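Report on the following structure.
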Amino acid sequence: MSIREEFEKREKSFMSPFGCLSAESRGRIKTEISCPIRTAFQVDKDRIVYSNAFRRLKHKTQVFLSPLGDHYRTRLTHTLEVAQIARTIARAMRLNEDLTEAIALGHDLGHTPFGHSGETGLKEIFSKGFSHNEQSLRVIEVLENKGKGLNLTYEVRDGILKHSKGYGSIVPDDPNDQPCTAEGKVVRFADIMAYLNHDLDDAIRSRVIRADQVPESCSRVLGHSHWERATTMMRDIIFSSEIRAEDFQLNMSSEVCSAMSTLRHFLYENVYRSPQVHEEFIKAKKILSELYARLLNDRDLLWNELKKMEMEEVRHNGDSHERTVCDLIASMTDRYALDLYSAIFFPSPFV
């Protein structure tokens with residue numbers, strides 16, 4: 001018996017009946033020989049962490065564009081916080097920690113530069129249907145590994161595609177929009193828990209808001225610090241979830257859920273839509289719009305930039321020219337987009 005098979009056997013002995021066993025994955029698009037050491041979901045986790053797209057997250061905006069302070073979150077640190085929260089919940093519920101972590105680590109691989117302003121920009125200039133969760137799936141299936149994709153398992157791909165909620169409901173009304181695994185559902189909750197906490201933390205640090213402006217009901221129920229709020233949210237979902245009609249339902253108490261909704265609304269109104277943040281987002285959309293137009297009309301520049309990003313094989317996969325430009329821009333980091341914009345549109349001094 002291999003090390004992987006021994007671990008798969010151990011999973012059956014301790015995992016909840018609602019957890020997704022590694023040995024029972026629906027498999028990959030392309031069949032592979034199983035690793036003798038790692039389970040299928042452990043392999044997926046490694047492939048995500050070693051990908052170019054994952055490394056680029058360190059220079060992609062979470063909320064505050066090009067922050068100079070060392071302690072502001074980036075898309076990478078957000079991802080790591082989501083993974084930590086999700087794994088803590090999965091462990092307490094005896095779900096598959098490796099599957100949970102793989103989904104969490106890959107959920108934002110398709111996020112654009114400049115945060116949600118970049119996503120909004122690509123909706124306007126490329127397609128109204130553009131979304132970072134679908135782009136994340138495209139990254140792992142088409143763009144990574146020089147056009148070969150990462151060939152991840154069905155469960156990880158499903159969780160990444162269905163993690164997103166925007167400003168909508170945490171649990172979608174349509175069952176088809178929900179992840180097929182309990183682990184994927186945990187990541188949806190962990191994502192909002194993470195960003196509510198760290199975006200509030202960063203907003204206070206940047207003086208966009210003051211701590212005393214946070215609604216009293218949120219502080220009273222959730223706590224006054226990042227650690228207190230995260231702990232309250234994790235404990236609540238762990239102890240409020242239940243089995244209904246032989247199905248495992250992730251739930252939160254009405255008190256904590258209400259406090260989270262209030263905090264979420266407060267952040268949207270006072271941080272994400274604040275003049276300080278909004279003005280920078282307008283600038284970011286302008287940068288991406290002008291880059292898109294230039295790359296669309298300068299194929300030599302486009303192919304050169306694709307090569308730099310190790311994405312040159314993308315142009316051979318049959319997609320439209322517009323789709324290729326969108327893929328390149330969505331893959332850029334904030335600083336890559338800024339540097340390219342400067343090189344193209346700013347005058348170069350004569351020596």
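If you read the sequence shown in full-length UniProt numbering, its first letter stands for residue 1, the second for the next number, and so on.
Glycine included, C-beta positions come from ideal geometry on N, C-alpha and C.
Keep in mind the model is a prediction, meaning the values are calculated, not measured.
Contact under 7 Å by Cβ, residue i with residue j
i           : j    : result
I125        : F189 : no
T100        : E155 : no
G147        : E313 : yes
D199        : V63  : yes
F345        : F18  : no
S258        : S240 : no
N151        : K30  : yes
I160        : I103 : yes
S25         : A40  : yes
L288        : I329 : yes
T79         : L95  : no
P36         : R87  : no
S22         : E8   : yes
F114        : K123 : no
residue 358 : S51  : Residue 358 lies beyond the range of the chain shown here (1 to 351); nothing can be said about it.
L109        : A53  : yes
T153        : C20  : no
K307        : L250 : no
Residue i (DSSP reduced to helix, strand or coil)
i           : result
D319        : coil
E242        : strand
S206        : coil
V256        : helix
F126        : coil
I37         : coil
T112        : coil
P215        : coil
P175        : helix
M309        : coil
E144        : coil
C20         : coil
N96         : coil
P347        : coil
M1          : coil
T181        : coil
Y268        : helix
D298        : coil
K162        : coil
T88         : helix
Y336        : helix
M234        : helix
R273        : coil
residue 355 : With the chain covering only 1 through 351, there is no way to say anything about residue 355.
M15         : coil
H198        : helix
Assigned exposure category for residue i - 16 Cβ within 10 Å defines buried
i    : result
Y268 : exposed
H111 : buried
I243 : exposed
A245 : exposed
M233 : buried
R229 : buried
V49  : exposed
A284 : buried
I85  : buried
A293 : exposed
G121 : buried
N133 : buried
T281 : According to the sequence shown, residue 281 is Phe rather than Thr. F281 is buried by the Cβ-count criterion.
S136 : buried
A343 : exposed
K286 : exposed
D158 : buried
Opposing strand residues paired with residue i [DSSP bridges]
i    : result
D247 : R244
T74  : T61
R28  : T153
Among the options, the one whose alpha carbon lies nearest that of residue i
i           : options                : result
G27         : F14, F18, V43          : V43
A203        : K60, E8, H107, R73     : R73
V221        : V256, T231, R235       : V256
residue 352 : V186, V214, H226, D327 : No statement about residue 352 is possible, as the shown extent of the chain runs from 1 to 351 and does not include it.
S127        : C326, S342, Y336       : C326
E11         : E305, R335, D98        : D98
H59         : N145, Y336, Y292, M1   : Y336
R207        : W303, S164, V277       : V277
D177        : H163, P349, L109       : H163
D191        : M260, T153, D334       : M260
M309        : A194, T333, N317, E81  : T333
N317        : S274, H265, V142       : V142
Y195        : K45, E81, S13          : E81
S34         : S2, K45, F14           : S2
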